[in-house]
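Chains E and Z, in that order, give the protein sequences. In this text, residue positions in the first sequence follow our numbering: the first is 44, and each later residue adds one. In this text, residue positions in the second sequence follow our numbering: the first is 122, and each later residue adds one. We put the beta carbon where it would ideally sit given N, CA and C, even for glycine. Report on the structure given below.
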Amino acid sequence: MTDLFDRVLLPVASPEDARTTCRAAREYLTGSATAVHVIEKAGGAPDKAGVEQREEYAQECFDAFTDCLDDGREIETEIRYGTDVADTIFQAATDHDATAIVITPRGGSRWVRLLTGDVALDIVTETDRPVVVLPDVAHEDEAEVAESEGGDGT
Amino acid sequence: MSGEEQDLAKDLGPLAALTIGVGTMIGAGIFVLPGEAILRSGSLASIAFLLGGVIAMFTALSASELGTAMPRSGGAYYYVNHALGPLFGSVAGWANWLGLAFASAFYMVGFGRYINRIFGVTGDLALGPLSIPYVTVTALAGGAFFVAVNYIGAKETGRLQNIIVILLVAILAVFTLLGTFRADPSNLPDARSVVDTLETTGLIFVSYLGFVQITSVAEEIKNPGRNLPRAVIGSVVLVTVIYALVLIVMSAAVPKGFIADTVTGDPNSIAVVEVGEYLQGAVMGGALLFGGLLATASSANASILASSRINFAMGRDRIVTPKLNEIHGRFGTPYRSIAITGGLILFFILVGNLTLLSGAASGLHLVIYGLLNVALIVMRYVNPEEYAPDFTVPLYPLLPLCGIVFSFALLAFVETDALIVTFSITGAAVLWYIVYARSRTEKQGIIGQYILNRTEEMPDAAVSAAAGVQPDGGDYRVMVPLANPEHEQDLVELGGTIAKQRGGTLVLAHITKVPDQIALPQAADYADELDESTEEILAAAEADAESFDIPVETHRILSHRGFEEIFDAARTHDADLTVMGWGPDSHGSPGRAESAFDDVAGDIPCDFLVLKDRGFDPSKVLVPTAGGPDSDLSASVARYLRAKYESEITLLHVADGDDDVTRTEAETFLDTWADEHDLGDATQRVETGDVETAIEQAAEDASMVIIGATEQGLLSRLVSGSLVLDVVDDVDCSVLLAEKYRKRSLRERLFG
Chain E
44 MTDLFDRVLL PVASPEDART TCRAAREYLT GSATAVHVIE KAGGAPDKAG
94 VEQREEYAQE CFDAFTDCLD DGREIETEIR YGTDVADTIF QAATDHDATA
144 IVITPRGGSR WVRLLTGDVA LDIVTETDRP VVVLPDVAHE DEAEVAESEG
194 GDGT
Chain Z
122 MSGEEQDLAK DLGPLAALTI GVGTMIGAGI FVLPGEAILR SGSLASIAFL
172 LGGVIAMFTA LSASELGTAM PRSGGAYYYV NHALGPLFGS VAGWANWLGL
222 AFASAFYMVG FGRYINRIFG VTGDLALGPL SIPYVTVTAL AGGAFFVAVN
272 YIGAKETGRL QNIIVILLVA ILAVFTLLGT FRADPSNLPD ARSVVDTLET
322 TGLIFVSYLG FVQITSVAEE IKNPGRNLPR AVIGSVVLVT VIYALVLIVM
372 SAAVPKGFIA DTVTGDPNSI AVVEVGEYLQ GAVMGGALLF GGLLATASSA
422 NASILASSRI NFAMGRDRIV TPKLNEIHGR FGTPYRSIAI TGGLILFFIL
472 VGNLTLLSGA ASGLHLVIYG LLNVALIVMR YVNPEEYAPD FTVPLYPLLP
522 LCGIVFSFAL LAFVETDALI VTFSITGAAV LWYIVYARSR TEKQGIIGQY
572 ILNRTEEMPD AAVSAAAGVQ PDGGDYRVMV PLANPEHEQD LVELGGTIAK
622 QRGGTLVLAH ITKVPDQIAL PQAADYADEL DESTEEILAA AEADAESFDI
672 PVETHRILSH RGFEEIFDAA RTHDADLTVM GWGPDSHGSP GRAESAFDDV
722 AGDIPCDFLV LKDRGFDPSK VLVPTAGGPD SDLSASVARY LRAKYESEIT
772 LLHVADGDDD VTRTEAETFL DTWADEHDLG DATQRVETGD VETAIEQAAE
822 DASMVIIGAT EQGLLSRLVS GSLVLDVVDD VDCSVLLAEK YRKRSLRERL
872 FG
């Protein structure tokens, strides 16, 4: 039987999310790992932010992830474009033949989730492969770093 | 990015691109301004709109060409900044950003009118001593709502904009068609004067801003080479035709004086709605009311979105702080940019009336349109290799020239208040560049590069103008003028060391002296014959600099003058530090240039290090100091050498007298000085007696002496043979003379 962590896909939505995911997942990352950032497209209307701007943002997310790995390991990164974030992640998982999709919950109030759409819920409920939800294991010092960088991080 | 992903990133089809333009423009043109336009210019109102369309078309053609050549985020701002450099970029960026904020405020006031018309609200809201018209209150509420929507980034489905625009066009088509049956030329109001008509065009030009917004999302358009020009030009043609027809119906299908009576009679009336109701009953009136709401809302929404793209492009070029463009971790929106734009919109709604808002939006966009056409001509003239537009403006250069002339000329017919706002913002943007952006932005305009790469051929005035406004990007630039191949290596070593540690750029310049008899443009052709060694020297210097792994620029400068050209070159190439050799073999003998030095003495364009080279050996460095800004520079250089070569540094201070008190004071001074300059671990040496003798004695143990110039200009001292020079001649090791650039006031320069 293949290991659950053989080829994992790590969706990262923001630099903060990338750090959280990396902290939670790094000790399990024994096989290959791909961090994926989905640029949500409006599908025929102007996007809420420009594509060039969001490609820069995706790079910030990946940098945050790599910085947090801190052992010089490189992971693969990929930018995907799609109108539905969860579907785009599933497509990426299929393309990479991922053994699991690894996420950390982002919390947030019901209002925020209502406004932004709860991608984590969609991933868990609509998935066709294992989804590993890891708890955020913030060490105190790292939490401070994340905070001093402004949470969202730049 | 693979081809397939490219397709996914670019998901605006031809219809979507077209409707962005039409949707942004139509809200203002038809649903807000016709009443005002007919009041002002009578039967010529239709002509006023037509004229606006023609003027917009010149710019639409240029925008299409630039857009297909550079489908980048930021549109008009990006093209102007790219072609004309960041000074004009700053003007275009601010004008575009604030112009869109004024336009959005204007759309929201229109939106407020529609809401109030629907609910029959009139009058003022009393807030203690203040009273605000209800239309302003509704406009503020509407503005806040659309800003919030964009802040949160509520997901918009792709087809919504298309549906809205198709619906609007359909409503107006029915309105026009049915209206023409009732049209009677005898109904036409009297024509007003040409000036009235032109002023009307100045007022309604806000109806022609939308097509530029298409270019600001150019990077998201599928197959931009084909779809972008179609959308830009198509949207201008479409709205111009609609405006002209609707205006004709509105003036010819209703009795004379109808518009004047309704607009002035009932404060809540909206001309197009009243005409629709009069002609085709309550259904058409209702449809137009509904259409007006949609149109003004979609105009504002598109403008807010577009302004955040412009902010992003400005931030990327460091014209504004990139912090403005931070993306929200949850919403995925550039929330700061949207919040600030939103604040501006609400402020403008509060303080401006409808004509000021539309006038300022028109005026600011006319400035951009003029610059956009200039940018096109520059790109065509310079024709850089990467410039390959899929669409080209026909009848070049006639049409872009018309665009420049008409855009700037129409400014004269914009309302005075709005014009003052326009020029204030333009002036402030220039100041903003000088004070804030110049030291931060790095991007150089195509035109600036073109001129500065041809300093010999271009008129001096153009060169100094171009050099004067070049961005310096906070990049630390070390210029090394090269003359003598023997010492060149040491100078490059020294300059490279400093540039490397400052994370800067090394600029290698070879100045070729041309005999006075040969004109400079001709000399350019014979340059290789005049100085065959130039290429060799530059190549050798470049090879030496390679090991530093820093950006290196090389320049060849032809001049009738030798030494003084260094000053000009330092200015032209924006050097922060010039490292040059001094001696009989370097840059002409000082004696010959004496008179020139007297003129410039003490007025150096940047920091200077002058090396009297007796072998480059920074192992034991002596730094004599008596304080002062020049010794700050020698201390920095000593630190750089220490970091690179682990040099042993000795600090020397010569006390004024021989008694114990003076000696102790001198020791305290040197100790403090060393700490302040991060040289606390250097050997400190305090001597008494004659300064020169003390330095010479101390220099016996040193491999290099770094002396700061005193308050007088170093270069005048080079000539006059005062203290510093004696030391230079009397010691056996290499001597580095340091003089720091001082910003001196004009008065000091004249009398100092």
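Since residue 433 of chain Z meets chain E, which of its residues come closer than 7 Å, beta carbon to beta carbon?
Walking along the second sequence from the start, residue 433 of chain Z turns up at place 312. 93, 96, listed in chain order.
Looking only at C-alpha atoms, which of Z:333, Z:388, Z:568, Z:220 sits nearest to residue 502 of chain Z?
Counting from 1 along the second sequence, the entry for residue 502 of chain Z is found at position 381. Nearest of Z:333, Z:388, Z:568, Z:220 to residue 502 of chain Z, Cα basis: Z:568.
Neighbour list for residue 83 of chain E in chain Z, Cβ cutoff strictly below 7 Å:
As a first step, residue 83 of chain E must be located in the first sequence, where it is residue number 40. Those are 453, listed as they occur along chain Z.
Can you tell me whether residue 454 of chain Z is buried or exposed? The criterion is at least 16 other CB atoms within 10 Å of its CB, across all chains shown.
On the second sequence, position 333 is the one that residue 454 of chain Z refers to. Residue 454 of chain Z is classed as buried because its beta carbon has at least 16 other beta carbons within 10 Å across all chains shown.
Would you please verify whether the beta carbon of residue 483 of chain Z is less than 8 Å from any beta carbon of chain E?
Position 362 of the second sequence, counted from the first residue, corresponds to residue 483 of chain Z. Chain E contact via Cβ: absent.
Given residue 632 of chain Z as reference, the closest of Z:601, Z:608, Z:239, Z:610 once Cα atoms are compared:
Within the second sequence, residue 632 of chain Z is the residue found at index 511, counting from 1. The option with the nearest alpha carbon to residue 632 of chain Z is Z:601.
Could you check whether the region 441 to 461 of chain Z touches the region 158 to 175 of chain Z, counting it as contact only if at least three pairs of C-beta atoms, one from each stretch, sit closer than 8 Å?
no
Which whole-angstrom value describes the C-beta separation of residue 626 of chain Z and residue 580 of chain Z, a residue pair presumed to lie in contact below a C-beta threshold of 8 Å?
As a working note, residue 626 of chain Z is residue 505 in the second sequence. As a working note, residue 580 of chain Z is residue 459 in the second sequence. Not really, about 27 Å apart at Cβ, beyond 8 Å.
Just how far apart, CA to CA, sit residue 688 of chain Z and residue 135 of chain E?
Taking the first residue of the second sequence as position 1, residue 688 of chain Z is located at position 567. Taking the first residue of the first sequence as position 1, residue 135 of chain E is located at position 92. So the two alpha carbons sit approximately 59 Å from each other.
List, in chain order, every chain E residue whose beta-carbon is nearer than 7 Å to that of residue 880 of chain Z.
One cannot answer for residue 880 of chain Z here, as it falls past the ends of chain Z, which runs 122 to 873.
List, in chain order, every chain E residue whose beta-carbon is nearer than 7 Å to that of residue 132 of chain Z.
Against the second sequence, residue 132 of chain Z aligns to sequence position 11. Per Cβ cutoff of 7 Å: 84, 86, 87.
Local conformation of residue 517 of chain Z per DSSP, three classes
Working through the second sequence from its first residue, we reach residue 517 of chain Z at position 396. It is coil, neither helix nor strand.
Taking the alpha-carbon positions, what's the residue 229 of chain Z to residue 797 of chain Z distance?
Counting from 1 along the second sequence, the entry for residue 229 of chain Z is found at position 108. Counting from 1 along the second sequence, the entry for residue 797 of chain Z is found at position 676. So the two alpha carbons sit approximately 58 Å from each other.
By the DSSP assignment, the alpha helix (DSSP H) with residue 502 of chain Z in it spans what residues?
On the second sequence, position 381 is the one that residue 502 of chain Z refers to. Where residue 502 of chain Z is concerned, the enclosing alpha helix (DSSP H) stretches over 475 to 503.
Quick one: complete alpha helix (DSSP H) runs, 4+ long, within the region 717 to 767 of chain Z?
750 to 766
Counting only Cβ pairs nearer than 8 Å, list the residues of chain E close to residue 415 of chain Z.
Position 294 of the second sequence, counted from the start, is the residue given in the question as residue 415 of chain Z. Within chain E, no residue comes near residue 415 of chain Z; the closest Cβ sits about 15 Å away, beyond 8 Å.
Per-residue DSSP class, three states only, for residue 178 of chain E:
Residue 178 of chain E sits at position 135 when you count from the first residue of the first sequence. It is coil, neither helix nor strand.
Name the DSSP beta bridge partners of residue 254 of chain Z, please?
In the second sequence, the residue the question calls residue 254 of chain Z occupies position 133. DSSP output for residue 254 of chain Z lists Z:245 as bridge partner(s).
Beta-carbon separation (whole angstroms), residue 69 of chain Z vs residue 232 of chain Z, contact threshold 8 Å
It is not possible to answer for residue 69 of chain Z, since the shown part of chain Z is limited to 122 through 873.
For residue 228 of chain Z, the first and last residue of its enclosing alpha helix (DSSP H)
Numbered from its first residue, the second sequence carries residue 228 of chain Z at position 107. Unbroken alpha helix (DSSP H) run through residue 228 of chain Z: 207 to 240.
Does any residue of chain E bring its CB to less than 8 Å from the CB of residue 424 of chain Z?
Indexing the second sequence from 1 puts residue 424 of chain Z at position 303. No, residue 424 of chain Z lies away from the interface with chain E (no Cβ there is under 8 Å from its Cβ).
Check whether chain Z comes within 8 Å of residue 169 of chain E, counting only Cβ atoms and requiring the distance to be less than that.
By one-based count along the first sequence, residue 169 of chain E stands at place 126. No, residue 169 of chain E does not count as interfacial toward chain Z.
Helix, strand or coil, according to DSSP, for residue 132 of chain Z in the structure here?
On the second sequence, residue 132 of chain Z is found 11 positions in, with the first residue counted as 1. Coil, per DSSP.
Reducing DSSP to helix, strand and coil, say where residue 875 of chain Z ends up.
Here chain Z comprises residues numbered 122 to 873, so residue 875 of chain Z is not present and cannot be evaluated.
Whole angstroms is fine: what's the gap from residue 196 of chain Z's alpha carbon to residue 429 of chain Z's?
As a first step, residue 196 of chain Z must be located in the second sequence, where it is residue number 75. As a first step, residue 429 of chain Z must be located in the second sequence, where it is residue number 308. Computed Cα separation, rounded: 12 Å.
Uninterrupted beta strand (DSSP E) stretches inside the region 136 to 169 of chain E (no shorter than 3 residues)
143 to 146
In chain order, each alpha helix (DSSP H) run of at least 4 residues that lies wholly inside the region 769 to 800 of chain Z
Given a length threshold of 4 residues, each whole run of the alpha helix (DSSP H) inside the region 769 to 800 of chain Z is given here in chain order: 781 to 797.
Partners in chain Z for residue 155 of chain E, counting only beta-carbon separations shorter than 8 Å:
The count along the first sequence starts at 1 and reaches residue 155 of chain E at position 112. 451, listed in chain order.
Quick one: grab the DSSP three-state call for residue 677 of chain Z.
As a position in the second sequence, residue 677 of chain Z is number 556, starting the count at 1. In the three-state DSSP reduction, residue 677 of chain Z falls in the strand class (E or B).
In whole angstroms, what separates the C-alpha of residue 152 of chain E from that of residue 344 of chain Z?
Taking the first residue of the first sequence as position 1, residue 152 of chain E is located at position 109. Taking the first residue of the second sequence as position 1, residue 344 of chain Z is located at position 223. Whole-angstrom Cα-Cα distance: 41 Å.
For residue 563 of chain Z, decide whether its Cβ has a neighbour in chain E, counting only Cβ atoms nearer than 8 Å.
For the purposes of this step, residue 563 of chain Z is taken as residue 442 along the second sequence, with counting starting at 1. By this cut-off, residue 563 of chain Z is not an interface position.
In terms of residues, what are the limits of the alpha helix (DSSP H) holding residue 818 of chain Z?
What you label residue 818 of chain Z is simply residue 697 of the second sequence in a count that begins at 1. If you look at residue 818 of chain Z, you'll find it in the alpha helix (DSSP H) that goes 812 to 820.
Do you know whose CA, among Z:488, Z:189, Z:670, lies nearest residue 545 of chain Z's CA?
In the second sequence, residue 545 of chain Z corresponds to position 424, counting from 1. Cα-wise, what sits closest to residue 545 of chain Z is Z:488.
When you check each C-beta in the region 280 to 295 of chain Z against every C-beta of chain E, which residues fall closer than 9 Å?
280, 281, 282, 283
Please classify residue 253 of chain Z: is it buried, with 16 or more other beta-carbons within 10 angstroms of its beta-carbon, or exposed?
In the second sequence, residue 253 of chain Z corresponds to position 132, counting from 1. With fewer than 16 Cβ atoms within 10 Å of its Cβ, residue 253 of chain Z is classed as exposed.
Reduced DSSP category for residue 161 of chain Z - H, G, I as helix; E, B as strand; rest coil
Position 40 of the second sequence, counted from the first residue, corresponds to residue 161 of chain Z. In this structure, residue 161 of chain Z counts as helix in the three-state DSSP scheme.
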